[in-house]
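K.L.:
Here it is, the structure, as structure tokens.
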Amino acid sequence: MKSQEPDPNYFSSSSSSSSLVSSTKWWSKETIAIVTGANKGIGFALVKRLAELGLTVILTARDVERGQRAVESLSEKGLPVNFFQLDVSDPSSIEAFVSWFKSNFAALDILVNNAGVSFNDIYKNTVEHAETVIRTNFYGAKLLTESLLPLFRRSPSKSRILNISSRLGTLSKVRNPNIKSILEDEELSEEQIERFVGLFLQSVKDGTWKSQGWPEIWTDYAVSKLALNAYTMVLAKRYEGEGISVNSYCPGFTQTSMTQGQGSHTADEAADVGARLLLLHPQQLPTAKFYIGLDPFVKSNL
Ligand code: NDP
């Protein structure tokens, strides 16, 4: 998948979040948003932002205590949100969540697949936890999405899926042309994405992954995000003209637990851009785009 620079007109015309709200507000309290992995980091900041903007938000977390603490901290700020436990790497947890959602909400408008893991220190590269990384970052997002797809409202304001991804997962990071060509196929399918991921996991098992031209930085994480980006494109194509827009967003190097607090900006800043992309007016809303936020280009246009 080729990365897509943000639309300069969009960013330059939205100089503050308040201008977004006053000029293009299409949502209300009836607009329902789910955010995964939202007890901390970018997910938590996104929930906060969406709640501030007046949507009904469901904060999910794999750990009930951590999730409830996050909900309480928002409640203390006057931002009530809903909570349910959700471990995206566990199909039975996804099933329980979807069943709870169905009995409590009429329909879904927005899904943010944010939950993610990396077991790497910033300048290290280990594939020791490759299976968990792929299961969480790619299969978790995919299974949850597929389970929720029938529940999207698909109103004229359009339903939205935003996959929180990474520029480490761009095709240019894959150095082996044979592997790369799998994802370059014009008729890319979910089966091909799973084949790509399967080849990687096999090379980890064989101990050959270092010599096979996989991405060099945070290899397992990069492969998981390559697969997520490819899935974004396949899904966007499947729902083109059907009332669901599907995009990916790389928040840039953000100060969270994943980066051991390092980064060029805060989770709130990353979430602010994420919320703007999510809440684009239906007529401006793209599909199948990979946005890279908070790089110098975007910063200078915000
Ligand atoms: P954090 O580590 O702060 O947050 C990750 C969140 O995901 C936590 O809430 C974590 O829960 C949750 N999580 C992990 N595994 C699961 C699971 N199996 N089920 C449900 N939730 C889970 O990292 P960030 O906020 O930085 O990461 C958010 C997203 O942004 C990720 O997808 C990441 O890949 C992406 N990203 C981050 C960048 C950065 O520089 N920070 C850059 C590019 C992309 P718990 O607290 O229980 O571990």
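Going by numbering that gives the first Met the number 0, the sequence shown opens with residue 0, and the numbers climb by one from there.
Even for Gly, the Cβ is constructed at its ideal location relative to N, Cα and C.
#1: Would you kindly work out how many angstroms separate the C-alpha atoms of leucine 187 and isoleucine 181, rounded to a whole number?
#2: Taking the alpha carbon of arginine 134 as the reference point, which residue from Pro155, Val87, Ile243, Lys47 has its own alpha carbon closest?
#3: Which term fits alanine 105, buried or exposed, when burial requires 16 or more other beta carbons within 10 angstroms of its beta carbon?
#4: State the CB to CB distance for the pair serine 244 and proline 285, rounded to an integer number of angstroms; the pair is presumed to be in contact (CB under 8 Å).
#5: Measuring alpha carbon to alpha carbon, tell me which of Ala229, Gly240, Arg174 ends up nearest lysine 209.
#6: With a threshold of 6 Å, establish whether the CB of glycine 36 neighbours any heavy atom of the ligand NDP.
#7: What do you reckon, are the CB atoms on glycine 40 and alanine 266 nearer than 7 Å?
#8: Would DSSP call glutamine 84 helix, strand or coil?
#9: Hey, quick one: how far does the alpha helix (DSSP H) through valine 245 stretch, first residue to last?
#10: In chain order, what residues of the same chain have a beta carbon less than 6 Å from the beta carbon of isoleucine 33, not counting five sequence neighbours either side?
#11: Below 7 Å between beta carbons: does that hold for isoleucine 31 and leucine 107?
#12: In chain order, what are the residue ranges of uninterrupted beta strand (DSSP E) at least 3 long that sit wholly in the region 59–111?
#13: CB alanine 50 to CB valine 80, shorter than 7 Å?
#14: My assumption, with CB atoms under 8 Å, is that asparagine 119 sits in contact with tyrosine 220. Please give the rounded CB distance.
#15: If distances are taken between C-alpha atoms only, which option among Pro149, Gly139, Gly292, Ser146 comes closest to asparagine 112?
#16: Within the continuous beta strand (DSSP E) that includes isoleucine 41, where are the two ends?
#17: Name, in chain order, the residues that DSSP records as bridge partners for threonine 55.
#18: Helix, strand or coil: how does DSSP classify threonine 231 here?
#19: State buried or exposed for lysine 1, treating a residue as buried only when at least 16 other CB atoms are found within 10 Å of its CB.
#20: Is DSSP giving tyrosine 220 helix, strand or coil here?
#21: Could you tell me the distance, in whole angstroms, from the CA atom of glutamine 211 to the CA atom of glutamate 190?
#22: Could you give the C-beta distance for isoleucine 121 and threonine 258, rounded to a whole number, given that I count them as a contact under 8 Å?
#23: For a test of your reading of the model: does the CB of threonine 135 fall under 6 Å from any non-hydrogen atom of the ligand NDP? Yes or no.
#24: Nearest-angstrom Cα distance between arginine 65 and valine 233?
#25: By a C-beta neighbour count over all protein chains shown, 10 Å radius and 16 as the cutoff for buried, is serine 21 buried or exposed?
#26: Can threonine 372 and asparagine 124 be called in contact, C-beta distance under 7 Å?
P.N.:
Quick look at the numbers:
#1: The residue labelled residue 187 in the question sits at position 188 within the sequence shown. The residue labelled residue 181 in the question sits at position 182 within the sequence shown. Distance between the alpha carbons of leucine 187 and isoleucine 181 is about 8 Å.
#2: Taking the sequence shown and counting its residues from 1, one reaches residue 134 at position 135. Out of Pro155, Val87, Ile243, Lys47, Val87 has the C-alpha closest to the C-alpha of arginine 134.
#3: Taking the first residue of the sequence shown as position 1, residue 105 is located at position 106. The residue is exposed, with fewer than 16 neighbouring Cβ atoms inside 10 Å.
#4: Here residue 244 refers to the residue found at position 245 of the sequence shown. Here residue 285 refers to the residue found at position 286 of the sequence shown. Right, the Cβ-Cβ distance comes to about 7 Å (below 8 Å), so this counts as a contact.
#5: For the purposes of this step, residue 209 is taken as the residue at position 210 of the sequence shown. That would be Arg174, whose Cα lies nearest to the Cα of lysine 209.
#6: As a working mapping, residue 36 is identified with position 37 in the sequence shown. Yes, the ligand NDP has a heavy atom inside 6 Å of this Cβ.
#7: Here residue 40 is taken as the residue at index 41 of the sequence shown, counted from 1. Here residue 266 is taken as the residue at index 267 of the sequence shown, counted from 1. In this structure, alanine 266 lies closer than 7 Å to glycine 40 by Cβ.
#8: For the purposes of this step, residue 84 is taken as residue 85 along the sequence shown, with counting starting at 1. Glutamine 84: strand per DSSP, three-state reduction.
#9: Taking the first residue of the sequence shown as 1, we reach residue 245 at position 246. Note, valine 245: premise wrong, no alpha helix (DSSP H); beta strand (DSSP E) at 243–249.
#10: Working through the sequence shown from its first residue, we reach residue 33 at position 34. Counting only Cβ-Cβ distances below 6 Å, and skipping sequence neighbours, we find Ile57, Leu110.
#11: Position 32 of the sequence shown, counting from 1, holds the residue named residue 31. Position 108 of the sequence shown, counting from 1, holds the residue named residue 107. Yes, they are a contact pair.
#12: 81–84
#13: Your numbering for residue 50 matches position 51 in the sequence shown. Your numbering for residue 80 matches position 81 in the sequence shown. Yes, the pair counts as a contact, with Cβ atoms nearer than the cut-off.
#14: As a first step, residue 119 must be located in the sequence shown, where it is residue number 120. As a first step, residue 220 must be located in the sequence shown, where it is residue number 221. That belief holds up - the Cβ atoms of asparagine 119 and tyrosine 220 are roughly 7 Å apart, short of 8 Å.
#15: Counting from one through the sequence shown, the residue named residue 112 turns up at place 113. Nearest option by C-alpha distance: Gly139.
#16: One-based indexing of the sequence shown puts residue 41 at position 42. Here isoleucine 41 belongs to no beta strand (DSSP E); instead the alpha helix (DSSP H) covers 40–51.
#17: Against the sequence shown, residue 55 aligns to sequence position 56. According to DSSP, which records beta bridges pairwise, threonine 55 is partnered with Ile31.
#18: Here the question's residue 231 lines up with position 232 in the sequence shown. Reduced to three states, the DSSP call for threonine 231 is helix.
#19: By one-based count along the sequence shown, residue 1 stands at place 2. Interpretation of lysine 1 is limited by its pLDDT of 39, a score under 50 that renders its predicted location unreliable; no figure is taken from the coordinates.
#20: Position 221 of the sequence shown, counted from the start, is the residue given in the question as residue 220. Here tyrosine 220 sits in helix by DSSP.
#21: Here residue 211 is taken as the residue at index 212 of the sequence shown, counted from 1. Here residue 190 is taken as the residue at index 191 of the sequence shown, counted from 1. Approximately 21 Å, taken between the alpha carbons.
#22: In the sequence shown, the residue the question calls residue 121 occupies position 122. In the sequence shown, the residue the question calls residue 258 occupies position 259. Rounded, the Cβ-Cβ distance is 6 Å, consistent with contact.
#23: In the sequence shown, residue 135 corresponds to position 136, counting from 1. Checking the Cβ of threonine 135 against the ligand NDP gives yes.
#24: For this step, residue 65 is matched to residue 66 along the sequence shown. For this step, residue 233 is matched to residue 234 along the sequence shown. Near 34 Å, if we compare the C-alpha coordinates of valine 233 and arginine 65.
#25: Locating residue 21 in the sequence shown gives position 22, counting from the first residue. Residue placement at serine 21 cannot be trusted, given a pLDDT of 43 that sits under 50; what the coordinates show is reported in the next sentence. Flag for serine 21 reads exposed.
#26: Residue 372 falls outside the range modelled here, since the chain spans only 0 to 301, and no answer is possible.
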